[in-house]
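Per the numbering used here, the very first residue in the sequence shown carries number 24; after that it's consecutive.
Ideal Cβ positions, reconstructed from N, Cα and C, are used throughout, including at glycine.
Quick caveat, the model's predicted, so the values are computed rather than measured.
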Amino acid sequence: MMYAIRTECEAIVDDRIAKFSPELEEDFLNHYIKEMKSVEDQIQQAEKEGKPHKLRRITKEEIIHQLVTFYFAGIDTTGHLIAMGFYAIAEYPQCY
Numbered sequence: 024m025m026y027a028i029r030t031e032c033e034a035i036v037d038d039r040i041a042k043f044s045p046e047l048e049e050d051f052l053n054h055y056i057k058e059m060k061s062v063e064d065q066i067q068q069a070e071k072e073g074k075p076h077k078l079r080r081i082t083k084e085e086i087i088h089q090l091v092t093f094y095f096a097g098i099d100t101t102g103h104l105i106a107m108g109f110y111a112i113a114e115y116p117q118c119y
């Protein structure tokens, strides 16, 4: 299952990178891709000018890991909220 989720997240990231435009809606995934491309441009400019730099590239792999983290965090919090709602209804049926 984890492999399937990771594969799907990788496909989403690849698609978003291919369709990236700075004018797109600002969500966390576009923010990461925008930052990745910005740092790549800065590194290329520094290398072209022969200047040393300490910039670190954000890799596609890191973006995929962040997407998987957000995916599981959303599932966990939503599942917990639903479970606690059912518990509250069962514990206090007069409120329902």
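Taking the Cα positions, residue 114 is about 10 angstroms away from residue 108. Beyond the five residues adjoining it in sequence on each side, residue 57 comes within less than 7 angstroms, by CB distance, of 45 in the same chain, given in chain order. Between residue 81 and residue 55, the beta carbon gap of about 6 angstroms places them in contact (Cβ cut-off 8 angstroms). Proximity to residue 28 across 116, 90, 72 and 48 peaks at 90, based on C-alpha coordinates. In this structure, residue 87 sits near residue 33, with a CB-CB distance shorter than 7 angstroms.
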